[in-house]
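In the order they appear, the protein sequences are chains Z and A.
Take 16 as the starting number for the first sequence in my numbering and just add one per residue.
Take 82 as the starting number for the second sequence in my numbering and just add one per residue.
All residues carry an ideal CB built from backbone N, CA and C; glycine is no exception.
Data block below; observations after.
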Amino acid sequence: MNSMETTKTFWLPDQASTFAGRVDWAFDLFLWISTFFFVLVVGLIALFVIKHRRRRPDQMASGQMAHNTMLETTWTVVPLLIVMGLFFIGMRGWWHMRIAPSNSIAIDVVGMKWKWTFNYMQGFSNDTLVVPVHQPVRLRITSTDVIHSFYIPNFRTKVDAVPGRYQALWFEATKTGVFPVLCTQYCGTSHSYMITAVKVVERAEYDTWLSDAASASGGDVAPDAFGATVYSKRGCNACHTVDGSAGIGPTWKGIWDHHVKLADGSTVEVNAAYIKQSVQDPTSQVVEGFPPIMPSYKGILSDREIEAVTAYIQTLK
Amino acid sequence: MSAHQENINYLKARKGFLNWIVTVDHKRIGLMYLASIIFFFIAGGTYAFLFRMELWSPLQGFMTSDTYNHLFTMHGVIMVFLVVVPGIPGALGNFLLPIQLGAKDLAFPKLNITSLYLYWGGATLALFSLTQGRADSGWTFYAPYSLSQNPAVLWMLTAAFILGFSSILTGLNFIVTIHKMRAPGMTWFRLPLFVWALYATGIMQVFATPVLAITLVLLLVENFLHIGIFDPALGGDPIMMQHFFWFYSHPAVYIIVVPAFGVVSELIATFSRKTIFGYKFIAFSSVAITIIGFLVWGHHMFVAGQSDVAVTIFSFLTFFTAVPSAIKVFNWTTTLYQGSIKLTTPMLYALQFLFNFTIGGLTGIILGILSVDIHLHDTYFVVSHFHYVAMGSTMIAFIGGIYYWWPKMTGKMFNETWGRIGAVLVFIGFNVTFFVQLIMGSQGSPRRYYHYLDQFQIYHQISTVGVVILALGLFTALFNLLISLRTGATAPQNPWGARTLEWTHAATPPVLYNFTETPIVTEGPYDYPVEKV
Ligand SMILES: [Cu+2]
Ligand SMILES: [Cu+2]
Chain Z
16 MNSMETTKTF WLPDQASTFA GRVDWAFDLF LWISTFFFVL VVGLIALFVI
66 KHRRRRPDQM ASGQMAHNTM LETTWTVVPL LIVMGLFFIG MRGWWHMRIA
116 PSNSIAIDVV GMKWKWTFNY MQGFSNDTLV VPVHQPVRLR ITSTDVIHSF
166 YIPNFRTKVD AVPGRYQALW FEATKTGVFP VLCTQYCGTS HSYMITAVKV
216 VERAEYDTWL SDAASASGGD VAPDAFGATV YSKRGCNACH TVDGSAGIGP
266 TWKGIWDHHV KLADGSTVEV NAAYIKQSVQ DPTSQVVEGF PPIMPSYKGI
316 LSDREIEAVT AYIQTLK
Chain A
82 MSAHQENINY LKARKGFLNW IVTVDHKRIG LMYLASIIFF FIAGGTYAFL
132 FRMELWSPLQ GFMTSDTYNH LFTMHGVIMV FLVVVPGIPG ALGNFLLPIQ
182 LGAKDLAFPK LNITSLYLYW GGATLALFSL TQGRADSGWT FYAPYSLSQN
232 PAVLWMLTAA FILGFSSILT GLNFIVTIHK MRAPGMTWFR LPLFVWALYA
282 TGIMQVFATP VLAITLVLLL VENFLHIGIF DPALGGDPIM MQHFFWFYSH
332 PAVYIIVVPA FGVVSELIAT FSRKTIFGYK FIAFSSVAIT IIGFLVWGHH
382 MFVAGQSDVA VTIFSFLTFF TAVPSAIKVF NWTTTLYQGS IKLTTPMLYA
432 LQFLFNFTIG GLTGIILGIL SVDIHLHDTY FVVSHFHYVA MGSTMIAFIG
482 GIYYWWPKMT GKMFNETWGR IGAVLVFIGF NVTFFVQLIM GSQGSPRRYY
532 HYLDQFQIYH QISTVGVVIL ALGLFTALFN LLISLRTGAT APQNPWGART
582 LEWTHAATPP VLYNFTETPI VTEGPYDYPV EKV
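The structure is reproduced here in structure tokens:
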């Protein structure tokens, strides 16, 4: 991962999205404008320092110009026009980045300490982002803990992943390859290791990958069978048993349709809503006799996975 | 007090440690600020030096990532809240403002020493936090990360809160002093530009800092009571915290840099024996910047999750802050024209300031271009940009100012050769350190990264070499000054031939109440004669 390259030119990384051209154009334009003004200012300073250097200790200035309306007007108006122009260029580029085309494919992104998870609508998730080339992709980004920021230098795009919010970001990749995805909002110990990759592939390759990944994670299998996969693959089995034996958490055997007693004294019926809430916000309904140690899977398990678990629990009579 | 005592040099007037600690003399307070700020500059610099060494290699060197996170947090908190914000106003402003106005002291001398005590109090808490764990929130304290209940972060928040009050009181004191304590004949347009700069800074300190204080209190309250202000898990809004924070911290950028504008104006006028080109413009633009500066905070949050309309408006307004800054650079440059320019040590710092500030300003403009900022935000490009402003402009002007007023403050002349060697090393070191950071930033290297992509190693290594040169330059500059205290020649009243009151009317070093008789001002601060041919 460390050797993933972003760079091709001196100032900017290799371009790999439809934004890159516009952004780089604005960057380069201003680079030239800055170079001009910088050379102008530094050149004049050097010139004056040499030309007007003090030759005798008691030498006074050779003139005391304090105003020059022409000069002052020029150097007020010209920068003003330049920055207004820059504002419009920037604004247009930004709006372009904000409005995703209607034919975009949607992928959910969840940031957490310290990894990115990509939830595909086909009901599986992946820890790298795989997308087809020349296809607008719309990401819906959130975080489960602190603020992270989702950044793909080669695409020239970035947005913060904020807990409790969904932020949109879209792009259209213009070349195939593997590009780094970085976290740019400081998020603690492994902030700088919160790196993954976006893999841009041809359409056909994407379609194959998608159906393979989907079936491996239950795309074609029955929901209850997929639920069993989730149970073992997502680590529920670390705490829950399905055969009625004791575990760190309550067994799943025979709970469906039954009532459970909660730590606060109330009872609830085990149904789809209860299971969903138990998964997404476990501490809101703690089963009596168990410690409130189950982690929240909000944003980690997709709705499809939760439904599969529900179907699976129904089979455990 | 006897008349005799009033006429003796302020350093000798009352002796003993205790007399310094309880003094209300603005000059002594200024010197104590200066000593404290230099101490913390060395501390903050040491943190930076250490993590820059670690960044020599992308892999783990001699510290863990947690240590690295702690070090950059300490570096940021110390440099912002204990060095650059209080720096020029606390040290040079305190010492010079009354003298440049022709006054005996600030309007509220006891309030002034209170500011210093608050500074020391805040500083002590910041140091105390080191015993409570390792603060790792960054100087920005973003929620919900900073709500982690790390006790060191809590102490740090308290420290910053107290330091804020020190800043508010200093600002208030300066504003009142400038309004009420000017000597006869010292009209508004005869004020040295340094005074104008402190005036503008005072306004920002008084109006912006309370918002920081409120934010920090809310963070503390939320940490203790879990009432859900900024933490989304409790129903709070982390974006709101950023709005509050930047509502202070953008103006803080000007609290940091506007005093430097003032210092540089003095240095350039004196060492080119020129009246400042566009005096009124520089004076008013400092004030104008403070007002626009209050309306652009959202440019720190273009990718944070504001509405698109807000983003667009903030970008638009941001560009307006660029124009006055650009004009000032043109004004200073034009001031040199036809001057009688002498490249003394302070002047070398003033010219470096122009060089660095031009880069700092231009990189700021490019960050304002919305589409480009999305790419550059939170990369090393931003790190470099604000170091060009806070270090390359403010600290450089500060050091230049210390050199310029050193003879006045201490009565000693420094060694010019060593002064220049230090200035040149600082210039080279600073630019080597930070210019490469612009490149790696625009190539996409995020900030606050302990471990980075291999391709950026060369830039990190150049930057680390730069820091070594910079440190060498800074210590040369410091030791040169310290040595002058022992071996320096006695300074005359006006060694530079400057025209402001501290040089023309006050003794070197000034007497206890600055002037033996109140000066009567009859001309502007930069009314230099023209060479007769
Ligand atoms: Cu991060
Ligand atoms: Cu700002």
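- Please confirm whether any heavy atom of ligand 1 lies closer than 7 Å to the CB of Z:C198. yes
- Message: What are the residues in the segment 196 to 222 of chain Z lying within 9 Å of chain A by C-beta distance?
- Response: L197, C198, T199, Q200, Y201, C202, G203, T204, S205, H206, S207, Y208, I210
- Is Z:I315 close to chain A, meaning its C-beta is less than 8 Å from at least one C-beta of that chain? no
- Query: Beta carbon of Z:H206: closer than 7 Å to some heavy atom of ligand 1?
  - Reply: yes
- Item | Residue-level contact to chain Z via CB, A:P591, 8 Å cutoff | no
- DSSP state of A:H381, grouped into three classes? A:H381 falls in the helix class under three-state DSSP.
- Closer than 8 Å, CB to CB, is Z:P116 near chain A or not? no
- Message: Please list, in chain order, the chain Z residues whose beta carbon lies closer than 7 Å to that of A:G386.
- Response: D175, V177, R180, Q182
- Task: Could you check which residue in A:F375, A:G503, A:T460 has the C-alpha nearest to that of A:G481?
- Result: A:G503
- For a contact meaning CB atoms closer than 8 Å, what does Z:T172 contact in chain A? The contacting residues are I455, H456.
- When DSSP builds the beta bridges, which residues end up paired with Z:C198? Z:F165
- In chain A, which residues lie less than 9 Å from Z:F45 when you measure between Cβ atoms? The contact set of Z:F45 on chain A, defined by CB atoms closer than 9 Å, consists of L443, I446, I447, I450, V453 in chain order.
- Item | Short-range partners of chain Z found in the segment 496 to 526 of chain A, where Cβ spacing is below 8 Å | I520, S523, Q524, G525
- Task: With DSSP as the reference, please indicate the residues paired to Z:A31 in a beta bridge.
- Result: DSSP, once it has assigned bridges, lists no residue as partnering Z:A31.
- Message: I want to know whether the segment 170 to 178 of chain Z touches the segment 313 to 323 of chain A - three or more CB-CB distances under 8 Å.
- Response: yes
- Query: Do the CB positions of A:A350 and A:F479 come within less than 8 Å of each other?
  - Reply: no
- Query: How close, in whole Å, do the beta carbons of A:N304 and A:L228 come, if the pair is a contact with beta carbons under 8 Å?
  - Reply: 6 Å
- Message: So, at 7 Å on beta carbons, what are the nonlocal neighbours of A:V164 in its own chain, with the 5 sequence-adjacent residues on each side left out?
- Response: Cβ contact annotation for A:V164 (same chain, cutoff 7 Å, sequence separation greater than five): I118, F121, F122, G125, in chain order.
- Message: I'd like to confirm something about Z:Y201: is its beta-carbon nearer than 7 Å to some heavy atom of ligand 1, or not?
- Response: yes
- State yes or no: is the C-beta of A:Y540 within less than 8 Å of the C-beta of A:R580? no
- Task: Report the option in A:L199, A:M262, A:Y226 whose CA atom is closest to the CA atom of Z:C202.
- Result: A check of alpha carbon separations from Z:C202 across A:L199, A:M262, A:Y226 identifies A:Y226 as the nearest.
- Note down, in chain order, each residue of its chain lying with its Cβ closer than 7 Å to the Cβ of A:E497, except the 5 sequence neighbours on either side. The beta carbon of A:E497 sits closer than 7 Å to those of T425, T426, all from its chain and outside the five residues before and after it, given in chain order.
- Item | Amino acids of chain Z, ordered along the chain, whose beta-carbon sits closer than 9 Å to that of A:T439 | S49, F52, F53, V56, V57
- Message: Whole angstroms are fine: how far does the CA of Z:V56 sit from the CA of A:H380?
- Response: Cα to Cα, A:H380 sits roughly 27 Å from Z:V56.
- How about A:P610: is its C-beta nearer than 8 Å to some C-beta of chain Z? yes
- the segment 509 to 521 of chain A in contact with the segment 543 to 550 of chain A per 3-pair CB rule at 8 Å: yes
- Does DSSP put A:Y531 in a helix, in a strand, or in coil? coil
- Item | Spatial distance of Z:P72 from A:P265 (CA atoms) | Z:P72 and A:P265: Cα-Cα distance of roughly 32 Å.
- DSSP on A:Y223, reduced to helix/strand/coil? coil
- Taking just the CA atoms, how far does A:R528 sit from A:V103? Rounded to the nearest angstrom, the gap between the Cα atoms of A:V103 and A:R528 is 43 Å.
- If I'm right that A:P591 touches A:I110 with Cβ under 8 Å, what's the distance once you round it to whole angstroms? About 13 Å separates the two Cβ atoms, so there is no contact after all.
- Please state if the CB of Z:V125 and the CB of Z:S158 are separated by a distance shorter than 8 Å. yes
- Message: Can you check whether the C-beta of A:Y128 is within less than 8 Å of a C-beta belonging to chain Z?
- Response: Interface criterion not met: the Cβ of A:Y128 is under 8 Å from no Cβ in chain Z.
- Starting from Z:D123 and walking both ways along the beta strand (DSSP E), at which residues does that stretch end? 120 to 127
- How close, in whole Å, do the beta carbons of Z:Y327 and Z:Y208 come, if the pair is a contact with beta carbons under 8 Å? With 8 Å as the limit, Z:Y327 and Z:Y208 do not qualify as a contact, their Cβ atoms being about 34 Å apart.
- Message: I need the DSSP call for Z:R155, collapsed to helix, strand or coil.
- Response: strand
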